[in-house]
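To start, the structure under review is shown below, and the notes come after it.
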């Protein structure tokens with residue numbers, strides 16, 4: 003999983019780079035959207051596991067704390 007996250011971080015860096023033109027940056031953003039849509043679909047179709055709801059709530063709270071710290 004670390005490799006996938008590293009690749010997505012690299013895509014984010016390239017997308018936000020002032021050295022790339024809008025065409026290239028938008029192409030990267032489109033790729034990220036396609037990844038998001040794919041993940042949303044397979045997560046929706048996947049089974050629900052014991053403890054999943056609690057874990058998701060913890061992740062949402064962690065994200066909210068990060069937002070509030072800004």
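Residue numbers (the numbering used here): 3 to 72. Just so it is clear, CB atoms sit at the ideal spot from N, CA and C, and this is done for glycine as well.
Using 8 angstroms for Cβ pairs, my map puts residue i next to residue j. What's the rounded Cβ distance?
| i | j | result |
| --- | --- | --- |
| residue 30 | residue 16 | 6 angstroms |
Alpha carbon to alpha carbon, how far is residue j from residue i? Give it in angstroms, no decimals.
| i | j | result |
| --- | --- | --- |
| residue 8 | residue 23 | 22 angstroms |
| residue 47 | residue 57 | 18 angstroms |
| residue 65 | residue 52 | 22 angstroms |
| residue 25 | residue 11 | 19 angstroms |
| residue 33 | residue 21 | 19 angstroms |
| residue 71 | residue 18 | 23 angstroms |
Please return the same chain residues whose Cβ sits closer than 8 angstroms to the Cβ of residue i, not counting the five positions on each side in sequence.
| i | result |
| --- | --- |
| residue 45 | none |
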